[in-house]
Amino acid sequence: MTLICPAHTDITKSLILTEMGLKKDPEHFRTMMANMESILSIPVHGIRVPGSVAVNICLVVCGAADTYYHIGIHCWDMVGGAAILTEARGVVMDITGGPFDLMSWRMITASSRGIAESIAKKIQPFCCRRDNTDN
Numbered sequence: 090m091t092l093i094c095p096a097h098t099d100i101t102k103s104l105i106l107t108e109m110g111l112k113k114d115p116e117h118f119r120t121m122m123a124n125m126e127s128i129l130s131i132p133v134h135g136i137r138v139p140g141s142v143a144v145n146i147c148l149v150v151c152g153a154a155d156t157y158y159h160i161g162i163h164c165w166d167m168v169g170g171a172a173i174l175t176e177a178r179g180v181v182m183d184i185t186g187g188p189f190d191l192m193s194w195r196m197i198t199a200s201s202r203g204i205a206e207s208i209a210k211k212i213q214p215f216c217c218r219r220d221n222t223d224n
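So in the numbering used here, spot 67 of the sequence shown is number 156, and the numbers just go up one at a time.
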């Protein structure tokens with residue numbers, strides 16, 4: 090059986106998944122909350138914070154959600170779900186809308202490029218460390 094991610098295109102009917110990591114830095118937390126408010130203003134169906142990265146990405150793959158974004162996430166948390174989504178013809182990109190960088194601590198996954206790009210336009214990025222550096 091081949092798994093193909095359903096390619097929904099209507100952002101207003103989309104269920105968005107995210108995570109509330111990096112709560113130690115008050116400025117990052119404020120930015121994350123502002124990002125959620127910005128996305129809700131599109132409007133979208135809703136935002137949920139259900140579970141682990143791999144589970145969240147697999148929820149996009151099977152059509153239970155339309156997109157998942159996260160800032161502040163290690164490469165080992167992203168790689169498995171990103172591989173599954175890519176094989177299922179989903180979209181993985183950086184939160185800026187550019188190419189996905191596994192070491193960057195940030196990602197958008199989606200059932201379609203249009204939904205991913207809509208989310209990228211609404212997210213305010215902030216600096217994170219990288220997994221391939223010592224700082």
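All C-beta atoms, glycine included, are put in the ideal place defined by N, C-alpha and C.
Own chain, CB closer than 6 Å to residue i, minus 5 neighbours either side, in chain order
{"i": "K102", "result": "H134"}
{"i": "A177", "result": "L92, I93, C94 and V150"}
{"i": "L104", "result": "H134, G135, A154 and D155"}
{"i": "G170", "result": "V142, A143 and I146"}
{"i": "G152", "result": "P95"}
{"i": "A199", "result": "T156, V180 and A205"}
Candidates the options, of which the one nearest residue i by Cα
{"i": "I128", "options": "S207, D220 and C217", "result": "S207"}
{"i": "I212", "options": "G152, R178, A154 and M182", "result": "M182"}
{"i": "S193", "options": "Y158, A199, M122 and L174", "result": "Y158"}
{"i": "C216", "options": "L106, P139, M109 and H117", "result": "H117"}
{"i": "C147", "options": "L106, R119 and K210", "result": "L106"}
{"i": "R219", "options": "A209, I160 and K210", "result": "I160"}
{"i": "R195", "options": "A209, A96 and I184", "result": "I184"}
{"i": "P214", "options": "S201, A172, G203 and A123", "result": "A123"}
Residue i - partner residues in DSSP beta bridges
{"i": "I105", "result": "I136 and T156"}
{"i": "M182", "result": "P188 and I197"}
For residue j and residue i, the rounded distance between their alpha carbons
{"i": "V180", "j": "P115", "result": "30 Å"}
{"i": "L174", "j": "M121", "result": "24 Å"}
{"i": "S130", "j": "N221", "result": "35 Å"}
{"i": "L187", "j": "P132", "result": "In the sequence under discussion, the amino acid at residue 187 is Gly, which differs from the Leu named in the question. Their backbone Cα atoms lie some 23 Å apart in a straight line."}
{"i": "K113", "j": "I162", "result": "14 Å"}
{"i": "A209", "j": "M125", "result": "12 Å"}
{"i": "G203", "j": "D223", "result": "35 Å"}
Spatial neighbours of residue i in its chain, beta-carbon cut-off 7 Å, leaving aside the 5 residues before and after
{"i": "L191", "result": "C164, M167 and V168"}
Heavy atom of the ligand FMN within 7 Å of residue i beta-carbon
{"i": "A199", "result": "As far as ligands go, the structure on display features none, and thus does not contain the ligand FMN."}
Burial state of residue i, where buried means 16 or more other Cβ atoms lie within 10 Å
{"i": "S141", "result": "exposed"}
Residues near residue i in its chain [Cβ-Cβ closer than 8 Å; skip 5 each side]
{"i": "V138", "result": "L106, T107, E108 and M109"}
{"i": "F189", "result": "A171, V181, M182, D183 and M196"}
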